[in-house]
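Start counting the sequence shown at 62; every next residue gets the next number (the numbering used here). Where a beta carbon is used, it is the ideal one built from N, C-alpha and C, also for glycine. This report concerns only the one structure given below.
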Amino acid sequence: MIMLSLLLTACEQRHASPVEGDAELQAKLVGTWIWEKTDSDGEHSVLVTIAADGSYVAEMTTVKSNATRRDSESGTMLFQGGVLTDTATSHSDTRARLPMVNRKRIVRLDGRELVLQSEERPEVSTTFRRVNPESSATLEKAKKIKLSPVKFDRLPLTVVITMLQEESVKYDAAREGVTISLAPDAKQLADAEINLDLKNVTLAETLERVAESASLELRATDKELLLLPKKAKQ
62 MIMLSLLLTA
72 CEQRHASPVE
82 GDAELQAKLV
92 GTWIWEKTDS
102 DGEHSVLVTI
112 AADGSYVAEM
122 TTVKSNATRR
132 DSESGTMLFQ
142 GGVLTDTATS
152 HSDTRARLPM
162 VNRKRIVRLD
172 GRELVLQSEE
182 RPEVSTTFRR
192 VNPESSATLE
202 KAKKIKLSPV
212 KFDRLPLTVV
222 ITMLQEESVK
232 YDAAREGVTI
242 SLAPDAKQLA
252 DAEINLDLKN
262 VTLAETLERV
272 AESASLELRA
282 TDKELLLLPK
292 KAKQ
């Protein structure tokens with residue numbers, strides 16, 4: 062299951078156990094959480110989305126020497142007596158023995174962090190952080206992509222988007238980048254001139270500045286970063 066190997070390697074400071082009942086804890090668990098770690102074996106991340114009924118889907122990624130491995134998993138995470146039972150019922154690795162069941166105690170669960178403690182090794186715990194509900198895995202990735210100095214001298218918006226798309230691939234550790242699109246109802250701004258001279262910025266920060274320059278806003282979805290008119294914001 063998604064947490065098992067993590068719990069064997071990621072040590073965190075222990076905190077007081079939560080006192081909420083099962084229903085309250087289950088409600089707090091709903092949302093998207095991310096765990097990240099970099100070590101000699103590469104860059105690791107787990108992105109897990111948990112629904113109100115306790116069902117979850119997870120994506121696990123490891124990047125090492127420009128090689129990327131991705132696995133996926135689904136199952137349920139349910140509280141009983143303050144203990145979280147993680148039951149994986151499907152896995153992209155056909156060699157996985159299902160179902161896989163693991164029980165963990167909640168050290169801390171709030172609006173920002175989820176800290177899990179192994180029952181078998183209580184000295185070991187793993188910390189996930191909540192992904193902003195207005196964010197996405199795509200935006201999280203864009204926040205990690207560091208760009209070299211960025212300079213646009215009166216370039217059309219569509220050209221800027223193409224350049225940033227290429228830069229996202231160039232500076233992404235997995236060499237995949239992210240998809241950047243101009244919304245259909247913003248096509249009239251395709252030729253808007255962009256003048257920017259930025260240093261020490263991420264792809265996400267650059268796109269925010271580009272959007273601001275063209276009177277647009279940046280919206281993240283699960284698949285892309287979208288530039289669209291501000292009036293379209295809900």
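Which of helix, strand or coil does DSSP assign to residue i?
i	result
Ala71	Residue confidence for Ala71 is low, a pLDDT of 43 falling below 50, so the modelled location carries little weight; the figure read from the coordinates is stated next. It is coil, neither helix nor strand.
Asp83	helix
Leu225	helix
Arg270	helix
Leu159	coil
Val91	coil
Val230	helix
Lys165	strand
Gln295	Low confidence applies to Gln295: its pLDDT is 37, below 50, so where it sits in the model is not reliable, and the reading given next is rough at best. Note: Gln295 maps to coil in three-state DSSP.
Ala235	coil
Ala128	strand
Check the DSSP bridge columns for residue i and list the partner residues they point to.
i	result
Gly136	Tyr117, Ala149
Ile206	Bridge partners of Ile206: none, in fact.
Gly172	Paired residue(s): none; Gly172 is not in a bridge.
Val211	Leu259
Gln141	Val144
Asp252	Asp252 is not bridged to any residue.
Asp100	Gly103
Leu216	Ile255
Thr122	Ser106, Arg131
Using a Cβ-Cβ cut-off of 8 Å (strictly less than) and excluding sequence neighbours within five positions of residue i, which residues of its own chain qualify?
i	result
Gln141	Asp83
Asp171	Lys89
Asp102	Thr123, Lys125
Asp154	Asp132
I'd like to know if residue i contacts chain B, where contact means its C-beta is closer than 8 Å to some C-beta of that chain.
i	result
Gly103	Among the chains of the structure shown, chain B does not appear; only one protein chain is present.
Using a threshold of 8 Å, state whether the C-beta atoms of residue i and residue j are closer than that.
i	j	result
Ala244	Leu287	yes
Ser186	Val168	yes
Arg191	Gly92	yes
Ala112	Ser133	no
Thr146	Pro160	no
Ala265	Lys165	no
Leu218	Ala275	yes
Thr199	Ala281	yes
Val144	Lys202	no
Looking only at its chain, what residues have a beta carbon closer than 7 Å to the beta carbon of residue i, apart from the 5 residues adjacent to it on each side?
i	result
Lys207	Tyr232, Thr263
Leu279	Leu268, Glu269, Ala272, Leu286, Leu288
Ala157	none
Ala247	Leu277, Leu288, Leu289, Pro290
Glu81	none
For residue i, which residues in the same chain have their Cβ closer than 6 Å to its Cβ, ignoring the five residues on either side in sequence?
i	result
Lys291	Glu278
Lys260	Pro210
Leu216	Ile255
Ser242	Glu285, Leu287
His152	Glu134
Thr137	Gly115, Ser116, Thr148
Under DSSP, the beta strand (DSSP E) around residue i begins and ends at which residues?
i	result
Pro245	Element bounds for Pro245: n/a, residue is neither H nor E.
Gly103	103-111
Glu285	285-290
Ala281	277-281
Arg308	Because the chain here runs from 62 to 295, residue 308 falls outside it and cannot be looked at.
I want to check one thing, is the minimum distance from the CB of residue i to the heavy atoms of the ligand NAD below 7 Å?
i	result
Ser135	Among the components modelled here there is no ligand, and therefore nothing to report on the ligand NAD.
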